[in-house]
Amino acid sequence: MAIKRGRGVAAINYPTGMNLGGDPTQALVHSTPTGNFMVTLSSVDLGQGMKQIMAQICAETIGVPTDRVVVDTADTDTGPHCMGTFASRGTHRAGNAVIQAAKEARQVMLEVAAEELEVNASDLETDGLGNILVKGAPQKAISIFDVALSAHFKRGRSISGRGMFLIPRSYPEKETGAMKPSTCYAHACTVAEVEVDDETGEVTVLTVKNVFEIGRALNPKMVEQQLVGGSWMGISHALYETTEPYYPNRDHGGTDFNQYLMPGPGDLAETEIIVLERPSADGPYGAKGPGEMCANPQIPAVANAVFDAVGVRIDTLPITPERILRALRAQAAT
Amino acid sequence: MAKVPVQFTLNGSETAEFIDSGSTLLHALRDKIGDTSPKGGCHQGTCGACSVIIDGELRLSCLTLAENCNGTAITTTSGLSEGGVLHPLQRAFLDAFASQCGFCTPGMIMAAKVLLDHTPNPSRDEVVQALSGNICRCTGYEPIIQAVLLAARANSQNAA
C-alpha cells in the first residue's frame, strides 16, 4: 500500500453555441439625448461579465468610451430575442448582434454630425473619446453630446440601430451524415498531476496546468478570472460533485452542502493558466466562447492521471475513492 | 404569531423592529429592515453567505435568532463603506477580481474582516482557514484569497 503519483493530459475542442433549430440573438442600441448609448438585450449577466463585454463591444463599434454605454439585460418582456447565456454563446452571439446594431446607430450619428459640420458623413471619424472629427482636419469637430442634442431636438433623427445574429440550423447530409454544428471552436489542453492513495482511494490533485485558446480575450482580466474558476470547477466535477452518486439510481444524492461536496479554499491545486489568442473569423472582434469549455479538460486529464498512478480506468464521474478501490480490487482479481 | 420587539445597533445606527418570535436575524435584516447584503444560501449554516459580525464575532445570521440580538452591535457588508469610499476589503475584492456572480461576496468579506480585525497580517494558511466556512461557486477561491492578502497589505501600508 502506497501513495502513487501520476500525470495525465487531455485536450478538447469546444463549440461556441449550439445548433438546435437555429441559434439567434438580437440587440437594440439607441442614444440618449446627451449622447450616451443604451444596449438592450434579453441575454443574462449571471456573473460572467456580459454587461461589461457588451458595453466594450458597443463602445468600440460606435467610437465612444465604455463608460458612455449602459447595458440593459434580461427582461424577456421588453428586450429583443436572445436564446440565452449558455453553451458559451453569450459573447459570440450577442456580441455580433451588438456590433450590427451599433454600426447602424453609428451611421445615423455620423449623418447627423455631417449635417452639423456641413461635410460628407464618409469624411468623418470618431476619436474614441466622445468626439467626431473630419478626417485630416481634426480642428473641425463636434462632440457626440452635441450631435445627440441636434438629433433629438433639431434634426428629428433617432440615433439607433438593430442587430441580429443567427447561426442557421445545420441539417445532416443524407448520404454522409456530415453537418456543421458550429462555426467557431475554442480549444484547451490540461496536464494534471495527482497522488492516489491505493489504500484509501483518495486522490489529491497536486498541479493543474491549463492552456486555453479562446479567440481574442476582449477583457483579459475577466477571461483569466473565468478560467481560474473554471479550472477549479473542472477538478470539482472530476473528483467530487454529483447529484446522483449511483446514477441512474438517485439514492444517496446530496441534498445540501454537507453532502454535495466541492473542494474548499484549503483543497486548491497549484494552478497555472495560459491564454492563447487566435481571433475567430466570425466572432465579435475575434472572440470565441471561453465559458463552459474552461471546466472541461481537467476531467479527462485527472482520469488519465489516476490511470497513470494506479493503472485503473475510471469511466464514471466523479472519480470517488469508492470507485477507485472497486477498480483496484477488480484489477487485483484478474 | 406573537410579534416581539428587537433593538440593536446596525452598522452604527440604532435599529428597532417588530418581528415574529423565532424568526432568524437573516430574515429580520433582509425582509424587515431592508439590508439585503447578507444572502440566504442554504439556511442551515453550511454556505456562509449570510455571515454578519455581532459584537465583533463572525456569526451566521441564518442560525441566529433575531430576538437574541437585543442590545448587540451588528455589522453587515452594506455598512463597510464610509462616505462613498469603499472599505479596503471591498476595494481589494474589486482589484483582485474576487467576485463573479457576487452571491458569496458579502459573506466572504465579513469572514475576512473578522480575520483582519484580529490578525492584521495573516499568512495564506490563516486566510484559507478564515474562509473555509464560506462556499463560492464561481471563482475557485484563489482570487478571494489573494484579495484578502491584498487588503492586509494595503492596511499595513496605510498604518506605516
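Line by line, the protein sequences give chains A and B. My numbering numbers the first residue of the first sequence as 141 and each following residue consecutively. My numbering numbers the first residue of the second sequence as 894 and each following residue consecutively. Glycine residues also receive a C-beta, built at the ideal position from the N, C-alpha and C atoms. Note that this is a predicted model, so its numbers are computed, not measured.
- Bounds of any beta strand (DSSP E) do not take in residue 308 of chain A, whose DSSP letter is neither H nor E.
- Using a Cβ distance threshold of 8 Å, residue 415 of chain A and residue 352 of chain A count as a contacting pair.
- Note on residue 969 of chain B: 16 or more other CB atoms within 10 angstroms of its CB, so buried under the neighbour-count rule.
- Around the CB of residue 287 of chain A, 16 or more other CB atoms lie within 10 Å, so the residue is classed as buried.
- Residue environment: residue 299 of chain A is assigned as buried (16 or more neighbouring CB atoms within 10 Å of its CB, all protein chains considered).
- In this structure, residue 962 of chain B keeps its C-beta atom at 8 Å or more from the C-beta atom of residue 919 of chain B.
- Secondary structure note for residue 190 of chain A: its alpha helix (DSSP H) is the uninterrupted segment 190–202.
- Rounded to whole angstroms, the gap between the alpha carbons of residue 997 of chain B and residue 901 of chain B is 25 Å.
- Short of 6 Å from the beta carbon of residue 252 of chain A, and not among the five residues preceding or following it, lie these beta carbons of its own chain, in chain order: 287, 290, 291, 295 and 297.
- Chain-ordered, the chain A residues with CB closer than 9 Å to the CB of residue 1035 of chain B read 368, 369, 372, 405, 408 and 411.
- Within chain B, the residues 994 have their CB atoms less than 8 Å from the CB of residue 186 of chain A, given in chain order.
- Contact between residue 1009 of chain B and residue 1048 of chain B is confirmed by a C-beta separation of about 7 Å, below the 8 Å threshold.
- A Cβ of chain A is located within less than 8 Å of the beta carbon of residue 1038 of chain B.
- Assignment of residue 342 of chain A by DSSP, reduced to helix, strand and coil, places it in the coil class.
- Taking 9 Å as the cut-off between beta carbons, none of the residues of the segment 248–265 of chain A comes near chain B.
- Residues of the segment 345–366 of chain A that bring their beta carbon within less than 9 Å of a beta carbon in chain B comprise 361, 362, 364, 365 and 366, in sequence order.
- Neighbours of residue 397 of chain A across chain B, judged by C-beta separation under 7 Å: 935, 939, 940 and 1028.
- Three or more pairs of CB atoms, one per stretch, sit closer than 8 Å, so the segment 1019–1034 of chain B contacts the segment 934–948 of chain B.
- The beta carbon of residue 402 of chain A falls within 8 Å of a beta carbon belonging to chain B, placing the residue at that interface.
- Proximity of residue 1031 of chain B to chain A, defined by a Cβ-Cβ separation below 8 Å, is satisfied.
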